[in-house]
Structures are given as C-alpha cells and as structure tokens.
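Colleague: Starting off with a structure, shown below.
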Amino acid sequence: MGRLTPIDTTYFKDERAGDFTVIGSAVQRSDARGHVTGRTLFFEDLTPPGLTHVKIHRSTRHHARIDRVDVSGALEVPGVLRVITHEDVPNNWYVVLRLIGVGPDDEPVLAEDRVLYRGEPIVAVVAETEEAAREGAARVVVDYTDLPAVLDVEAALADGAPIIKQAGTNHFVYEGHPCRRIRFGDVERGFAEADRIIEGRYSSSPIEHAPVEPTGCIVVPQGDGRLRIHSNTQAAFFTLDNTALILGVPPTSLRVVGGTVGGGFGGKVDVIVEPLACLAAMLTGRPAKYVYSRAEEMQVSSTRAAEHIHIKDGVMDDGRIVARQVTLYVDAGAYSRHSPYGTTKAAAHMPGPYTIPNVHVDCYCVYTNRTPSSAMRGFGVTIGDFALESHMDHVARELGMDPLRLRLKNAYRDGDMKAHRKIASGTALVEVIQSAADLVGHDLPPEYRAMSSAERPEG
Amino acid sequence: MPSTIVTLKLNGTERELIARPSTTLLSALRDTFGLTGAKRGCAQGGCGSCTVLLDGRPAVSCLIPVVTVDGCAVETVEGLADGDRLDDVQQAFVDHFATQCGFCTPGMIMSATALLNREPAPTRQDVTEAICGNVCRCTGYEPIVTAVLSAAESRRDGAAEGRHDSAAERRHDGAGERHRDAAAPLSGKAAG
Amino acid sequence: MLISVEMPDSAEAAHASLQAGAVPLGGGTHLLTRMNDEAGPDLRVVSLRKAGLRGIDVDGDTVTLGAATTLADLEDDPRLGYLAGCVRSIASPPVRTLATVAGNLFVPQPYGDLAAALLALDAELDVLGTAGLRRERLERVVADGLPEGELVTRIRFTAPAPGTFRFHKASRRRLNSGSIVTVAARLTVEDGLVGDVRLVLGGLSRRLLRAAGAERVLRGAPLTAEVVAEAAGADVIEPFDDAYASAWYRARVYPVHLRRALLGA
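Chains as they are written, first to last, in the numbering used here: chain A, -16 to 442; chain W, 3 to 194; chain F, 190 to 454.
Take a look at the structure:
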C-alpha cells in the first residue's frame, strides 16, 4: 500500500537517521483475527461457577445529607447474599491521585453521611442473580435532607455560594492558591500597549466516553487466598494499587488480568468497580461481577469535564498578539478523581503554541454537584484548544486577516521562551501550517512561505 | 419459576438448553453455550453488539426471551469461519482495519453478513443502513463500510469463479426459507 | 422480572392468558429494555410470536396486517412500497426483525412512527375482547387506549392511491433515531387544490396528534408554502423535552418539516 502523501523529513533531518519503514505501510493488527472471529476475550466473557452479581443503590439527590439507610428490604429479596455499606469498606476513600502525590482524599467508595451528586453509590447489594441484585438495590431505602446544590462552575465560586466540599472551598487548592497559575511578563502593560483588545468566552458541556463495553470487572477468589480481578481497566497497576489501598491488603494479594478494553477513551482509568467487586468476593467467598448498566455508564461514569474559558487578547493591528489572559474553569463535578491533574494540564497548555510576551493564566478546578469528571482523551487540553483556536479565528476575523497568517505570525519558534519558562524546541509548527496550506490549496504570500521554525522574523 | 427446554439450530447444529423465562437469547448463547462473540453492550437493543442471525435475519439477541425462539435457527459470529479460514466478511474486516477495540465487531459482522446474504451487490448507502443499529465508538465507521463493500466484491468474484464456500451455502439455504414461510399470508383463523 | 412466558398457538388462547393477567409481548423491543435494566414486580407475558398473527394480506386495495407481523416483513413486501420510507426510519434492521406492527401502536412518543402512518391511513383494528372480536378505529385507540386484557389481532387499512401518501420524519441522526417531528399524511390534490386530507403528527405531543386544524386550512386550498405555513399554526401542539430534542426545538422546526412533508422542500 502506497503512502497517501510523502513524508517530509527535512525538518528533522539532523535528528533522524534512516527512513520510515512502517508508517504508511499496511501492517495487520495483531488482535484482528480474534476480533473478527469473536474469540478475543473481554472480561465479561468469563463465567466462573458460583458467580455473584453486584448492583448499587444510588443517590437520587444532587446534594443531600443522608439521615437513614434501611437495607432490610434488600435482605428480604430471595437470592440476595449481602449488602455492603460504607462501614464494610476498610478504607472508604477513592485515592486515585494519592498515587501521584495529590490530595486530599475526597471521595468515599460508598457514601457515608452525605451525597454530592445524583447517582453517587450508597449501598452495594450482592446476589445470586443479576435480577435479585437489581431488585435488592431497588429495595434499599434512604432518607435524605436536601442541601442546596451547585451545578455551575462560576456559580460555585461566586460570593455566598454554598460550600459543598468538606475541605472548605469549592475549588482545589494548588500550593495555597485557588487556581493553577501562569505569570509571564506583564499582561496589563501588554494590554495598554496593544492596538486592540479582543475577548472571547467559550464553554463546553460534559462529554461521555460511551464505550460500547460498559465498565466492569469479575473478581475470582483463588485457592491461595488471592483475588484475581478480570477487569476492562485501562490502568491495570492503578487498579491494583488503589484497590489494595481501599481493601487494606498488600498489593501482592491481588492480581489484575486486563488488557482487553471494549472502548475506553480514558473512561476506564478511574478505579470504581474493582474495590466493591473485590469486597463482594471477600465477603461471600465467591466470584463477583460488577458491571455498569448502560444507564449507569451514561449517568455515573466519569465524563470529560465541562469547561468555561475566557480569553482576553491584546493584539497589534499587524496581527501580533502581545498579551493573553486566560481564565479557565474545569468542572470536576462532585469529586476530584483526575481533574486537579487535568486542570494542571490545561494550564500547561496555555497560551497555546504561540509566543506571546505577556501571559496571565488562572485555571480553576471547581467542584459542583454534578457527576465527577475525569480522564478522557487529552483531558485538560482538548477543550482548551477548542477555545484557543476558536479565539484565534475570532481575532483573525476582527482584524480582517487570514487565520493561517495570524497563526504563522504568532507561532512559536525554536529557541523562544515559553510562558512556562521553558525554551521551545522541535516546534515545527510553522512548517506544519505551511504544509497544511499546500494540501488544501490555501495561498500564502512569499514572506509567510519563507517563514521557518528555526528563526523568528524581526518585528 | 418454571424452566423450559428450548431447542435451537445453533450454527447449523441442534442444541438444547434449559431456560428460565427471563433468560435472553444473548444470555443463553454466552452463559450456556459459551458463545461469547455476541456482546452485551447495552441490553437495550441500542448498540447492536449482540446481533446474531435469527432465521436468517439480523436480530438483537438481548431483547429476545430465548423461550420465544424455540425451534429457530440462530447463527453467531463463531459459525462464520471454516476452521482457520475466515469468511469473506471477516477477512475484509481484517484487511481494512475495520476493527479497533473489537467489541462491536461480531455484531457488526453479523449485520453485514445479513445484508450480503440478501443483497450481493450493496451500495454504500445499503451498507450504512444495514449497520445503522451497530454502534462503533472507535473507528468512525468508514473502514467498516469499506470492508463490507470489499467483502461483497470478493464474494461476487468468488461466486464468479465457482468457488465452493460451504459456510455461505449453509447461510443461504434453510434459514431464508423459514423466514419466507413465517411471512406467509394470513390464515384467516382469527380474522373475523 | 419475567416469571413466565406463554407461547399460545392462537389469538383466542393468547386472549385467555391476557384475561388471566399476563401482558402481551410482541417483538419485545420496548418491554425487554425495561426488563433488562429495571427492578420491578413479577411479570407474566404472552408471546404473540406463534399465535398465528403474523402475515400480510392484500385484497384489492384492502391491506390487512397481522398484529405480530414484524417491521422487517413490511419492509420486505413490495406491495407496501409506500410504507418503506416510514418503516426504514424506525430503529435499525436488527430491531425491525423483532418489532411488530401492533407493538408500534402502543409505544410511547417519540416512537410509534408506523402508528402515525397507519393513523394517517385511517386504519382500523380487529380487537379481541371478552365479548368476542370487534372493530375499532385506530384513531379511537390512540386517543383512549384499550382496556387491559384485550388483544389487537389485525390492522386493516385502504392502500393509498399512488402519490397520495406522505411520510416525513426529522431525527437527530438520519437513521436509527427517535423522532423530533414526524408528519404522516394522506392527501389528494385536484385541479391544484387539496381535496381529501388526513394529517398526523408525531413527536409533538405525548400521543400521536391528528392535525385537524391544519387539515381544515389545507382542505380546498392550493398546496403552497403560504398555505402550509398557515396550516402549521392551526393546531395546539404540546411538544416535550427528551434526549432527542427540546420541546422548544420541536415547536420551532415543526413548520419546516410540515413544509418538507407536503411540498418536498
């Protein structure tokens, strides 16, 4: 199979020896035969003898105090073996980010005295059949006292907003600061010197990964006392470590069998189902399956965070951007999961691949009473890029300028100091834009054609 | 809860199972017969990953109480290959990178197979319509559509060359006849 | 959960089971979605699959569909070509293999597109009740429902004359999507003026809606953009929010889709 377009190696000629031999050629996927014959094994393709089923009673409220939990109805359902409440969970915290040194622990495995989002798990029911588990979960009774809910990031940070987090703020705290910050140059001076101020507000909704295979696992107790976890996790070792911490057992007592994921996209990085399935297996001595229904997958599995992004640019009439201020709000939903990290990634991505002498960025990781958001394909970056590049187009329109020329003029060059005080290298952005223009037949004048990532034109 | 003995002609072989009223065809295939190619993606008939052929027609097996299809012919992805030899649709999916995570693939292939059994020379639009009930979240569908069109072409070429394809013949007889019988004119028994 | 599935071999036997408290199971494409996911009281169902209710008769211009005829059967029948666009707009092939004609009459909006078409064709039903078989207009059944325990056995309608049946459905995706707005109409035009017209709307109310106001505007009027625009304002619609569209959006685009249904553009 021939290449669609020749590979231009000139830019990296001093960095790469030899030729590309795989890119552009057809290589059969190693897993394709298994996929087309139905022989690829996904976690749910296992049916161990004596398998039990876990279903969850979930919060029906966005934000409420739990006054009473009555599980007696569940225990009366024929086939129900156990109910699991927070009291049964040895260390009742999801600790996903503790493994990379981020705290505090903020999310209970099963709710204790309050719920912070609709769908939050409160009681797990283990039963002989899926139907019995479902019926048992439906028969759990929870009494609530509703508390005021916050469903918007900017409302959550407004004066007088109800504080929903026990840490005392509706935002994550970054080394004493309410947001992840970038300060470079003097953005106010930049605005004062600019010919034009061009602002834009951008926002996105939560996005569900919607893998065709729902999140789930099957845990099988082994003869040697270990638990074998068959999971569709995208992060086997995260799962192993977090589950061990929650169960209060050494990691060596668990074994994760993974590797086959029926669509993940980042949605199967949180460690949600494994700890409860392990607990069910430990408490019953039998294999246990916990898999989301489609409705659960859509409602309670993490989403890509909704974001609000405000961009204010100081722009010269010739197209140079001399100052950029970005205020970005990541909607973490009710709990941190990977969002404090995602917000840091968002800050690291600003102000985009442009060299701007004055930059001021505030990225807030905000808690609301919505489904927790977490990892998804370039999280923290993708929505930021949507805002940045939409704004570049907006600036180009305001100036009456070709949007590609605006980008070429501002594109970072090798050797430029970035707002994070790192020297840019291997940028190649100028060349990529030039090649893209060629591919779509977009004319560029000679001075733009002559630009190079290796040097910055004067001016 | 009375259980019933159900007989299926499963990938060409008579098989029996003892089924509860709530047992779906999908669960019978996966849990009783170990045919785990059909997947449970939604249990709502919405994702198509459990698609099998029921009397020659594509059907979401998650929405069928298995006792209601007693005596029917059921074909699953496991019945397509002839030993190690993939059938045309399977081979085309391999060749055209029409799989990624693989979870939708068996259902997608069964929908495609149903189409090609009825329409040997489908248009791109025919393929799109045939797989509109099969959700793929990874590939973006284009390689799948290309694979199905390519499979149709190679089947036609194979037929022109008189190649013997026992799997394809098995699909073309029996099941299709049964389907036409079922849609026969009304008997008038309760027509009043 | 399902605690029993009966498989009667006649409509009478099915009716007897319904009288004993079971609920009818057509293709299962609505009922099973709930059984698979939701807790609930024990349920006994009567499958109509082998009750002799599947088949299509065309006698002159009278068409009779067995209640358990599948949507796939309709799709396959060249005599029902005028329904093909409607049927193929419903769900997907692996669902249409199962879904039945009578089932479609009783699914909640925004589904039931075939019911919209059959209502536009002024279909009548054979209903088996305790007093035996009787005929009911579909229009009455759509409005009032049927008493529990009764069984639809046949759907009968007069085939529309060529070119007189219109079906147009707006949806989020071109294929396999619930309706945002469905328009089904039987309409004749004589000497440039609308003659007979029956107009049915889906997606614009919790039940299928006979657009009597629009019919009055159209009847005897030229089929022009102005007249159709006036017709679009002549009925009280009560659209709803769901995952496919908001009530606001449905109301907003209804005139556009009425125009597309009647004028083709």
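Note that CB positions come from ideal geometry on N, CA and C, so glycine has one too. What you are looking at is a predicted structure, and each value in this text was computed from that prediction instead of being measured.
1. Can you grab the Cα-Cα spacing for the pair A/Tyr185 / A/Gly363, in whole Å?
2. Within 8 Å of any Cβ in chain W, is that where the Cβ of F/Ser465 sits?
3. Please say whether F/Leu294 and F/Ala304 have beta carbons closer to each other than 8 Å?
4. Using C-beta distances below 6 Å, list every residue in its chain close to F/Ala288, excluding the 5 sequence neighbours before and after it, in chain order.
5. Have a look at A/Ile229 and A/Tyr77 and give me their C-alpha separation to the nearest angstrom.
6. Please specify which runs of the alpha helix (DSSP H), each continuous and at least 4 residues long, are wholly inside the region 352 to 405 of chain A, giving them in chain order.
7. What are the start and end residues of the beta strand (DSSP E) that includes A/Arg307?
8. Where does A/Cys200 fall in DSSP's three states?
9. Give the interface partners of W/Arg59 over in chain F, defined as CB-CB distance under 7 Å, in chain order.
10. Using a Cβ-Cβ distance under 8 Å, would A/Arg16 count as near chain W?
11. Which same chain residues end up closer than 6 Å to W/Ala149 when comparing Cβ atoms and leaving out the 5 residues on each side of it in sequence?
12. Using a Cβ-Cβ cut-off of 6 Å (strictly less than) and excluding sequence neighbours within five positions of A/Ala289, which residues of its own chain qualify?
13. Excluding five sequence neighbours on each side, which residues of the same chain lie with their C-beta closer than 7 Å to the C-beta of A/Asn74?
14. Quick check on A/Ser55: buried or exposed, where buried means 16 or more other Cβ atoms within 10 Å of its Cβ?
15. What's the C-alpha gap between A/Asp89 and A/Val344?
16. Roughly how many angstroms separate the alpha carbons of F/Arg345 and F/Gly409, rounded to a whole number?
17. Would you mind reading off the limits of the alpha helix (DSSP H) that contains A/Lys328?
18. What is the DSSP secondary structure of A/Arg81, reduced to helix, strand or coil?
19. So, helix, strand or coil for W/Val62, using DSSP?
20. Among A/Asp71, A/Val52, A/Arg179, whose alpha-carbon lies nearest the alpha-carbon of A/Val125?
21. From F/Ala400, F/Val386, F/Tyr300, pick the residue whose C-alpha is nearest to that of F/Ser360; which is it?
22. Going straight from the alpha carbon of A/Gly246 to that of A/Phe221, what length do you get?
23. Restricting to runs no shorter than 4 residues, where is the alpha helix (DSSP H) found entirely within the region 394 to 442 of chain F?
24. When you compare the region 389 to 401 of chain F with the region 420 to 429 of chain F, are there three or more beta-carbon pairs, one atom per stretch, that lie closer than 8 Å?
25. Since F/Asp226 meets chain A, which of its residues come closer than 7 Å, beta carbon to beta carbon?
26. Can the beta-carbon of F/Val406 be found closer than 8 Å to that of F/Glu419?
27. Under 9 Å between beta-carbons, which chain B residues line up against W/Cys52? List them in chain order, please.
28. Give a yes or no on whether the minimum CB-CB distance between F/Asn293 and chain W is below 8 Å.
29. Using 10 angstroms around the beta-carbon of A/Ser13, count the other beta-carbons present and answer buried if the total reaches 16, otherwise exposed.
30. Quick check on F/Ile192 - is its C-beta less than 8 Å from some C-beta in chain W?
31. Relative to the C-alpha of A/Cys200, which candidate in A/Met265, A/Ala278, A/Phe25, A/Ser236 has its C-alpha closest?
32. Going by C-alpha to C-alpha distance, which of A/Ile165, A/Met384, A/Val108 sits closest to A/Gln308?
33. Taking only beta-carbon positions, decide if A/Gly246 is within less than 8 Å of chain W.
34. If you drop the 5 nearest sequence neighbours on each side, which residues of the same chain put their C-beta closer than 7 Å to that of A/Pro87?
35. Beta carbons nearer than 8 Å to chain W: which residues of the region 191 to 225 of chain A have them?
36. Throw me the rounded Cβ distance for the A/Tyr318 and A/Pro161 pair, which I believe falls under 8 Å.
Modeller: If we stick to the structure as given:
1. In the first sequence, residue 185 of chain A corresponds to position 202, counting from 1. In the first sequence, residue 363 of chain A corresponds to position 380, counting from 1. Rounded to the nearest whole angstrom, the CA to CA distance from A/Tyr185 to A/Gly363 is 14 Å.
2. Absent from the structure is residue 465 of chain F, since the part of chain F shown begins at 190 and ends at 454.
3. For this step, residue 304 of chain F is matched to residue 115 along the third sequence. For this step, residue 294 of chain F is matched to residue 105 along the third sequence. Yes; because the gap between Cβ atoms is below 8 Å, this pair is in contact.
4. Taking the third sequence and counting its residues from 1, the one referred to as residue 288 of chain F is at position 99. Excluding residues within five positions, the ones whose Cβ falls inside 6 Å are Gly216, Thr218, Leu260.
5. For the purposes of this step, residue 229 of chain A is taken as the residue at position 246 of the first sequence. For the purposes of this step, residue 77 of chain A is taken as the residue at position 94 of the first sequence. Cα to Cα, the separation comes out at about 7 Å.
6. Inside the region 352 to 405 of chain A, DSSP marks whole alpha helix (DSSP H) runs of 4 or more residues at positions 365 to 382, 386 to 393, from first to last along the chain.
7. Within the first sequence, numbered from 1, the residue matching residue 307 of chain A stands at position 324. That run of the beta strand (DSSP E) goes 304 to 316.
8. The sequence position of residue 200 of chain A within the first sequence is 217, counting from 1. In this structure, A/Cys200 counts as strand in the three-state DSSP scheme.
9. Looking up residue 59 of chain W in the second sequence gives position 57. Simply Ala261, Thr286.
10. The residue you call residue 16 of chain A lines up with position 33 of the first sequence. Chain W contact via Cβ: present.
11. Numbered from its first residue, the second sequence carries residue 149 of chain W at position 147. Short of 6 Å from the beta carbon of W/Ala149, and not among the five residues preceding or following it, lie these beta carbons of its own chain, in chain order: Ala94, Phe95, His98, Ala100.
12. The residue you call residue 289 of chain A lines up with position 306 of the first sequence. For A/Ala289, the CB contacts under 6 Å within the same chain, skipping 5 residues up- and downstream, are Ser187, Ser188, Pro189, Asp314 in chain order.
13. The sequence position of residue 74 of chain A within the first sequence is 91, counting from 1. Excluding residues within five positions, the ones whose Cβ falls inside 7 Å are Leu228, Ile229, Gly231.
14. On the first sequence, residue 55 of chain A is found 72 positions in, with the first residue counted as 1. The residue is exposed, with fewer than 16 neighbouring Cβ atoms inside 10 Å.
15. Sequence index remark: in the first sequence, residue 89 of chain A carries index 106 (1-based). Sequence index remark: in the first sequence, residue 344 of chain A carries index 361 (1-based). About 26 Å.
16. The sequence position of residue 345 of chain F within the third sequence is 156, counting from 1. The sequence position of residue 409 of chain F within the third sequence is 220, counting from 1. Looking at the two C-alpha atoms, the distance is approximately 28 Å.
17. Locating residue 328 of chain A in the first sequence gives position 345, where the first residue counts as 1. Looking at the DSSP string, the run of the alpha helix (DSSP H) that includes A/Lys328 is 322 to 332.
18. Your numbering for residue 81 of chain A matches position 98 in the first sequence. Helix.
19. Numbered from its first residue, the second sequence carries residue 62 of chain W at position 60. Strand.
20. Start at 1 with the first residue of the first sequence, and residue 125 of chain A comes out as number 142. Per the Cα distances, A/Val52.
21. Sequence index remark: in the third sequence, residue 360 of chain F carries index 171 (1-based). Here the closest residue by C-alpha is F/Tyr300.
22. The residue labelled residue 246 of chain A in the question sits at position 263 within the first sequence. The residue labelled residue 221 of chain A in the question sits at position 238 within the first sequence. Cα to Cα, A/Gly246 sits roughly 18 Å from A/Phe221.
23. The alpha helix (DSSP H) runs of length 4 or more contained entirely in the region 394 to 442 of chain F are, from start to end of the chain, 401 to 407, 414 to 421.
24. Yes: the two stretches touch, three or more of their Cβ pairs being nearer than 8 Å.
25. For this step, residue 226 of chain F is matched to residue 37 along the third sequence. Neighbours of F/Asp226 on chain A, chain order: Ser276, Ala278.
26. Translated into positions along the third sequence, residue 406 of chain F becomes position 217. Translated into positions along the third sequence, residue 419 of chain F becomes position 230. Yes, Cβ-Cβ distance for F/Val406 and F/Glu419 is below 8 Å.
27. The chain labelled as chain B is not found among the protein chains of the depicted structure, namely A, W and F.
28. For the purposes of this step, residue 293 of chain F is taken as the residue at position 104 of the third sequence. Not one chain W Cβ lies under 8 Å of F/Asn293.
29. The residue you call residue 13 of chain A lines up with position 30 of the first sequence. Of the residues assessed, A/Ser13 falls on the exposed side of the cut-off, its CB having fewer than 16 other CB atoms within 10 angstroms.
30. Numbered from 1 along the third sequence, position 3 holds the residue referred to as residue 192 of chain F. For F/Ile192, the answer is yes, since a Cβ of chain W falls inside 8 Å of its Cβ.
31. The residue you call residue 200 of chain A lines up with position 217 of the first sequence. Minimum Cα distance to A/Cys200 is reached at A/Phe25.
32. Within the first sequence, the letter at position 325 stands for residue 308 of chain A. Distance check between A/Gln308 and each of A/Ile165, A/Met384, A/Val108 places A/Ile165 closest, using alpha-carbon atoms only.
33. If you number the first sequence from 1, residue 246 of chain A lands on position 263. For A/Gly246, the answer is yes, since a Cβ of chain W falls inside 8 Å of its Cβ.
34. Residue mapping note: residue 87 of chain A aligns to position 104 of the first sequence, counting from 1. Taken in chain order, the residues that qualify are Ala150.
35. Result list: His192, Ala193, Pro194, Val195, Glu196, Pro197.
36. As a first step, residue 318 of chain A is located in the first sequence; it is residue number 335 there, counting from the start. As a first step, residue 161 of chain A is located in the first sequence; it is residue number 178 there, counting from the start. Taking a contact as a CB-CB distance under 8 Å, the pair A/Tyr318 and A/Pro161 does not count as one, their CB atoms being some 18 Å apart.
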